[in-house]
Structure formats: structure tokens, C-alpha cells
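K.L.:
Going down the list, the protein sequences come from chains A and B. Numbering-wise, our numbering puts 234 at position 234 of the first sequence, and it's gapless, one number per residue. For our numbering, add 1000 to where a residue sits in the second sequence, where the first one is 1. Backbone N, C-alpha and C fix where the C-beta goes; we use that ideal spot for every residue, glycine too. Computed from a predicted structure; not experimentally measured. Here it is, the structure in full.
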Amino acid sequence: MDVYLPRTLAEALEVKARRPEAVPIAGGTDVMVAINFHRLRPDAVVDLSRLPELRQWREEDGAVFVGAGMTYARLVRELSWCVPLAQAARTVGSPQIRNRGTLGGNVGTASPAGDTLPVLAAHDAEVVLGRAGGRVRALPWDQFFLGPKQTALAPDELVLGVRWRRLRGPGSFLKVGTRNAMVIAVASLCLVVDEVGRAVRVALGSVGPTVLRAPEAERFAAEQMQRAGAWDDPRAALSDAVVEEFGERVAAAARPIDDVRGSAAYRRHACAVLARRALRWALGDRRLAG
Amino acid sequence: MRVRLNVNGAWRQADVWPGASLLALLRDSLGLVGSKNACEQGECGSCSVWLDGELVCACLVLAAQADGCTVHTVESLAQGGRLHPVQEAFLDAGAVQCGFCTPGLVVAVVDLLRRDPSPSEETVREALAGNLCRCTGYQKILDAVRLAAERMTGGDRGSRA
Ligand SMILES: Cc1cc2nc3c(=O)[nH]c(=O)nc-3n(C[C@H](O)[C@H](O)[C@H](O)COP(=O)(O)OP(=O)(O)OC[C@H]3O[C@@H](n4cnc5c(N)ncnc54)[C@H](O)[C@@H]3O)c2cc1C
Ligand code: FES
Ligand code: FES
Chain A
1 MDVYLPRTLA EALEVKARRP EAVPIAGGTD VMVAINFHRL RPDAVVDLSR
51 LPELRQWREE DGAVFVGAGM TYARLVRELS WCVPLAQAAR TVGSPQIRNR
101 GTLGGNVGTA SPAGDTLPVL AAHDAEVVLG RAGGRVRALP WDQFFLGPKQ
151 TALAPDELVL GVRWRRLRGP GSFLKVGTRN AMVIAVASLC LVVDEVGRAV
201 RVALGSVGPT VLRAPEAERF AAEQMQRAGA WDDPRAALSD AVVEEFGERV
251 AAAARPIDDV RGSAAYRRHA CAVLARRALR WALGDRRLAG
Chain B
1001 MRVRLNVNGA WRQADVWPGA SLLALLRDSL GLVGSKNACE QGECGSCSVW
1051 LDGELVCACL VLAAQADGCT VHTVESLAQG GRLHPVQEAF LDAGAVQCGF
1101 CTPGLVVAVV DLLRRDPSPS EETVREALAG NLCRCTGYQK ILDAVRLAAE
1151 RMTGGDRGSR A
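Here it is, written out as C-alpha cells:
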């Protein structure tokens, strides 16, 4: 097994060009478990944990770019203005895991339970991919995440980061698990409100082969807010029946399976509960802000 | 492969299998067996160390990733034959039974108290969520954290034997 320890992104991309089979390792919180348990014996690994180019985030005219090497601990500290992302990051593992695990690793693993994935999907994020020679492409999240642990990443590419247009409006991330910490989601949900586009966006984790949106429920929520006059007047209320119906429509978008962590029926139910809660919070936040 | 790193203030080097973890390097190559190996999957925290000042699970760091880095282990805490106040508090509060989880917990508690010298109970629970103990039921560990925090901030002066 060869280990490459590049010190710049360009060097790392060169390694991937020469040795496409080299497994990237960032925080190692997924890769090392696989190595320790003999599930992975790569011919080569390439360390990304010290590439300064990946360990940063920046605003780019109306959009935000978050480098793949941003750890959860730093997302909590430095991107607290993106409430759903900071909330998702804070639920990951333990302090030890959050100090080490990265956004790029979550994207690279592409587990349907990855906590940042619903946040990326709800923000319509793109995944930015790089190749040697400065070649860069960006794929919308739904063209990047193809299935459980399957992505559109080419063997000679690395994830540089993710990018999305900054939204004005409240949002949250919620996760159901068997306890408060160190838990893989049984179901998770991110809801964001786009005040400018007058849209509500909802993404679900852990209830399908990959992260899912709930477009029908999204349209319903936006229409009901329109009907109630809530886009113009944040104090205008939605009826309990509407919030209830929204939850059912979100649950209908889930495609859960039965597994050791929960039954499909429980997961669907959890989606409805989380959706109603997230919508009520968002409406409450709008009232406070409005 | 050869890895060179600064451990507890001294530069050391070790020849390790390229897939070895930092934990394996510390224990098997350097004989620093304070960091424990229980799960090798980040669940138990018994291997907690500082890598360039950050609390991490040594079992999840590829040894090669620590090349050129600074590592502090539980062995760095006692100074000149004197235990660290957190270690003393664990003894005094009866927070140690079999002791397997203790080094990792002590490291995690020291890390917490460096960042937040008087943490709330909630903060303590959140900070220690990554450290498992099969013996104590955690209450005495929480007591030890409070005792250490009081002593280290001077809130408990005089009551110490
Ligand atoms: C105890 C424990 C608790 C956990 N809890 C949670 C949790 O609550 N929620 C959650 O979502 N996850 C959790 N995880 C899983 C893991 O921490 C996350 O998926 C994390 O984001 C992985 O990041 P990393 O940097 O450690 O990735 P690594 O293990 O280094 O890499 C993960 C994968 O991504 C690839 N990769 C990494 N960076 C790049 C890049 N820049 N370009 C291309 N490929 C790349 C790697 O090759 C590998 O396939 C937990 C893991 C452990 C051990
Ligand atoms: S041995 Fe590293 S966390 Fe359990
Ligand atoms: S004292 Fe035995 S595991 Fe904690």
C-alpha cells in the first residue's frame, strides 16, 4: 500500500491523475474504520487532510463555496449563519469525530444517512469536482448522488467542495435517532424557506437510496402560504390542517426500507412529524423576523 | 513506511505498515499504551489524543497523516510525578472502576476544561458523548468533571485535604 502525502491541491490531483485507484483520505472517520476492519485494502491512499485549498470557505457573488476539507467543528463555528448546516454538523458523532470528519468525506461516502446531504439537497447545491491541470466541473447534487454510496465522481477527480446560492429565509435540520449523540439517522430532514423565490424546499435523509426532495409537498406549502397571504405578511397563519397535510405529503415522498435502525412505517411517520415541526419553526422564525 | 512526529514534546520516528493507525503507532511502535484500543471505529473514545492540539480518535487517524505533526497523549498530563488535577479528581470522585475508559475520558475532560473552565452539565454531557464507560454509569465521571473544574478555577480552595 502506497501512501501519498501531498501538500497542495495540485499535487493531490497529480497523484489522482497518475494513480486513479488511490483512495482519498480526509478525516479518515469512514476510511479508517474500513481499513481497521479489513474491509478496505487499497493499493494506494492519498491524504487530503492538510490541503489548505480544501480547508476553507468563501462567498462568491451571492453564492457560498465550502471546501471539502472543512471539518464539522469548523462548520459549527464558522458557518453558524447557515443554520441548517451548522445544526446538521453539530449532530454528527462526537467532538472527536467533528474535529476530524469533513464535509467532503460525507459527500464522498454518499451514505443515504449522511447528515449534511439533506442540507445540500434543500439548498440545491452543486458539488464541485477537480482534475489535474485545473480542470473543474460542477454537478447539481441530484446528478452527483446516484445511489447508496454511489456518486458521479470520476476516478481521477477529487471533490473540491460544494456551492450554493445563499438563501434569504429561515431553515432547520432535524434528525431522529435512537439517542441524542453518536447516532446514525433513522430519518432526517432539512427544510428551508426561500423568501425571494417564494418557495419552501424539503429534503429527506435515511429514507431512500439517496437523499430525496419532496417536490409535491414543497409546491403545496408554497401555494398554501400564497393563499394565506403569508409571503407578504409573516404573521398570517397556516391552519393546523394545512401543516398536517404538508407532513403527510412529505412522508409520501419518502422511499424508506425496513432495517435494523427502524421500520419503513416508522420512518415514514418520522418524516411527517419532522416536516410539520420544521414548517412550524420556519413560520415562527418568519413571524419573529417579520 | 517511516513516520516522524512529535509526541509529548519529543521528536520520534517509527516504521509502520502504511495502513496502520496513529493508535497502533503510539501503542505498538512507541510503547505508549495509555491510549487504549477498544473499538477501532471511533465509537468509544478510549484512544483519544490531541493531534496538533485537536481532540481526535487516534484509531481513525492514519499514522502517516500524523507525519510532521504534534501529538499529545494521556502520558503528557502528569508532570514530575504529580497527577493532572483532572486525573486526581477522577480518583477522588471514584470515577474509575476497571479503568479502561479512563485515559480517553481524562483527555476529553482536559480538552473540555481548556475550552470551557466552568462547563454546564449539558455542555459536559455533550463533550463526553464520544467516550463510553461500561462500569461507572457515568454519574461519578460527571462528579469528577465538576470537582476538577472547581479545583482548577479555584472554586474549591480549602476543601482539599
Ligand atoms: C463514531 C462515528 C460517528 C459518526 N457519526 C456520523 C453522523 O452522526 N452523521 C454522519 O453523517 N456521519 C457520521 N459518521 C461518518 C463520518 O464521520 C462522516 O461521513 C464524515 O463526514 C466522513 O468524513 P471524513 O473526512 O472523515 O472522510 P474519510 O473517511 O476521510 O473519507 C470518506 C470517503 O470520502 C472520500 N473522500 C473524502 N474526501 C474526499 C474528496 N475531497 N474528494 C473525493 N473523495 C473524498 C474517501 O475516499 C472516502 O470514500 C460517523 C463516523 C464515526 C466513526
Ligand atoms: S478505539 Fe478509537 S474510538 Fe474506540
Ligand atoms: S471504568 Fe470500566 S469502562 Fe469505564
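Whole alpha helix (DSSP H) runs in the segment 121-150 of chain A with 4 or more residues, listed along the chain?
P.N.:
Within the segment 121-150 of chain A, the complete alpha helix (DSSP H) runs of at least 4 residues are 141-144.
K.L.:
With 8 Å set as the bound, which would you pick, yes or no: does the beta-carbon of S80 (chain A) sit closer than that to a beta-carbon of chain B?
P.N.:
With 8 Å as the cut-off, S80 (chain A) does not count as an interface residue toward chain B.
K.L.:
Does the beta carbon of A1014 (chain B) sit closer than 8 Å to a beta carbon anywhere in chain C?
P.N.:
Protein chains in the displayed structure are A and B, and chain C is not among them.
K.L.:
For Q1089 (chain B) versus A1144 (chain B), is the C-beta distance shorter than 8 Å?
P.N.:
For clarity, residue 1089 (chain B) is Ala in the given sequence; the question names Gln instead. Cβ distance < 8 Å, so A1089 (chain B) and A1144 (chain B) count as in contact.
K.L.:
What's the C-alpha gap between A1161 (chain B) and G1045 (chain B)?
P.N.:
Below a pLDDT of 50, predicted positions are generally treated as unreliable, and A1161 (chain B), at 40, falls in that range; no measurement from the model is reported.
K.L.:
Please check if any C-beta of chain B sits within less than 8 Å of the C-beta of P95 (chain A).
P.N.:
Closer than 8 Å to some Cβ of chain B, the Cβ of P95 (chain A) qualifies, so yes.
K.L.:
Report the neighbours of E1122 (chain B) on chain A: residues whose CB is nearer than 9 Å to its CB, in chain order.
P.N.:
Those do not exist, as E1122 (chain B) stays about 10 Å from chain A at its closest Cβ, beyond 9 Å.
K.L.:
What's the call for G147 (chain A), buried or exposed, on a 16-neighbour Cβ count within 10 Å?
P.N.:
By the 10 Å Cβ count, G147 (chain A) comes out exposed.
K.L.:
Is it true that the CB of K16 (chain A) sits closer than 8 Å to the CB of V46 (chain A)?
P.N.:
Yes, Cβ-Cβ distance for V46 (chain A) and K16 (chain A) is below 8 Å.
K.L.:
Jot down the residue ranges of each uninterrupted alpha helix (DSSP H) in the segment 1-61 of chain A, minimum 4 residues, whole runs only, in chain order.
P.N.:
Complete alpha helix (DSSP H) runs here, min 4: 9-18, 31-36.
K.L.:
For a test of your reading of the model: does the CB of N1006 (chain B) fall under 7 Å from any non-hydrogen atom of ligand 2? Yes or no.
P.N.:
Checking the Cβ of N1006 (chain B) against ligand 2 gives no.
K.L.:
Which residues share a DSSP beta bridge with T1070 (chain B)?
P.N.:
BP columns for T1070 (chain B) point to B:N1006.
K.L.:
Would you say E195 (chain A) and R168 (chain A) are within 8 Å of each other, going by their C-beta atoms?
P.N.:
A contact, by the Cβ cut-off of 8 Å.
K.L.:
Going by C-alpha to C-alpha distance, which of B:L1147, B:V1074, B:V1033 sits closest to G1009 (chain B)?
P.N.:
Comparing Cα-Cα distances from G1009 (chain B) to each of B:L1147, B:V1074, B:V1033, the minimum goes to B:V1074.
K.L.:
Under 7 Å from any heavy atom of ligand 2, does the C-beta of C1059 (chain B) make it?
P.N.:
Yes, the Cβ of C1059 (chain B) comes within 7 Å of a heavy atom of ligand 2.
K.L.:
Report buried or exposed for G1158 (chain B), applying the criterion of at least 16 other Cβ atoms within 10 angstroms of its Cβ.
P.N.:
Reliability fails at G1158 (chain B), whose pLDDT of 44 lies under 50, so the model's placement of it is uncertain and the value that follows must be treated cautiously. Burial call: exposed.
K.L.:
Mind checking the segment 13-30 of chain A against chain B and listing, in chain order, the residues whose C-beta falls within less than 7 Å of any C-beta there?
P.N.:
If the cut-off is 7 Å between Cβ atoms, the segment 13-30 of chain A has I25, G28, T29 near chain B.
K.L.:
Output the distance between the C-alpha atoms of I184 (chain A) and K175 (chain A), rounded to the nearest integer angstrom.
P.N.:
Cα to Cα, the separation comes out at about 9 Å.
K.L.:
Near ligand 3, which residues have their beta-carbon less than 5 Å from any of its heavy atoms, given in chain order?
P.N.:
Residues flagged by the Cβ proximity filter: B:Q1097, B:C1098, B:F1100, B:C1101, B:C1133, B:R1134, B:C1135.
K.L.:
Over the uninterrupted beta strand (DSSP E) stretch that includes W164 (chain A), give me the two end residues.
P.N.:
Start and end: 158-165.
K.L.:
Would you mind stating whether A203 (chain A) and C271 (chain A) have Cβ atoms separated by less than 8 Å?
P.N.:
No, these two residues do not count as a Cβ contact at 8 Å.
K.L.:
DSSP three-state call for C190 (chain A): helix, strand or coil?
P.N.:
Residue state, collapsed to three classes: strand.
K.L.:
Report all residues from its chain with a CB closer than 8 Å to the CB of D285 (chain A); omit the five preceding and five following residues, and keep chain order.
P.N.:
P170, listed in sequence order.
K.L.:
Which residues, in chain order, does the segment 1061-1074 of chain B contribute to contact with chain A at a C-beta distance below 7 Å?
P.N.:
Residues passing the 7 Å Cβ filter: V1061, L1062, A1064, Q1065, D1067.
K.L.:
Mapping DSSP to helix, strand and coil, what is C271 (chain A)?
P.N.:
Helix, per DSSP.
K.L.:
Could you tell me which of A:Q56, A:P6, A:V33, A:E14 sits nearest to G1019 (chain B), measuring between CA atoms?
P.N.:
With distances taken between Cα atoms, G1019 (chain B) lies closest to A:V33.
K.L.:
Whole angstroms is fine: what's the gap from R135 (chain A)'s alpha carbon to L153 (chain A)'s?
P.N.:
Roughly 14 Å separates the two Cα atoms.
K.L.:
Could you compute how far the alpha carbon of L1055 (chain B) sits from the alpha carbon of S1048 (chain B)?
P.N.:
Their Cα atoms are separated by approximately 7 Å.
K.L.:
What does DSSP give as the partner residue(s) for C1057 (chain B) in the beta ladder?
P.N.:
For C1057 (chain B), which the question treats as bridged, DSSP gives the partners B:S1048.
K.L.:
Please report the residue range of the alpha helix (DSSP H) in which G1080 (chain B) lies.
P.N.:
Run containing G1080 (chain B): none; DSSP gives neither H nor E here.
K.L.:
Who are the Cβ neighbours of C190 (chain A) in its own chain at under 6 Å, not counting the five residues just before and after it?
P.N.:
P84, P118, V119, A122, F173, A203, listed in sequence order.
K.L.:
Are C1059 (chain B) and L1026 (chain B) touching if we call contact CB-CB under 8 Å?
P.N.:
Cβ distance not < 8 Å, so C1059 (chain B) and L1026 (chain B) don't count as in contact.
K.L.:
Please return the same chain residues whose Cβ sits closer than 8 Å to the Cβ of P1117 (chain B), not counting the five positions on each side in sequence.
P.N.:
Once the five neighbours on either side are set aside, the close Cβ partners of P1117 (chain B) are A1149, M1152, T1153.
K.L.:
Check the Cβ-Cβ distances between M1152 (chain B) and every residue of chain A, and say whether any is below 8 Å.
P.N.:
Taking Cβ atoms only, chain A never reaches closer than 8 Å to M1152 (chain B), which makes this a no.
K.L.:
Nearest to D1191 (chain B) by CA position, among B:G1081, B:F1100, B:N1131, B:G1099, is which residue?
P.N.:
Because chain B in this structure spans residues 1001 to 1161, residue 1191 (chain B) falls outside the shown range and cannot be described.
K.L.:
Which chain B residues sit within Cβ distance under 8 Å of M182 (chain A)?
P.N.:
By Cβ distance, chain B contributes E1043, A1129, G1130.
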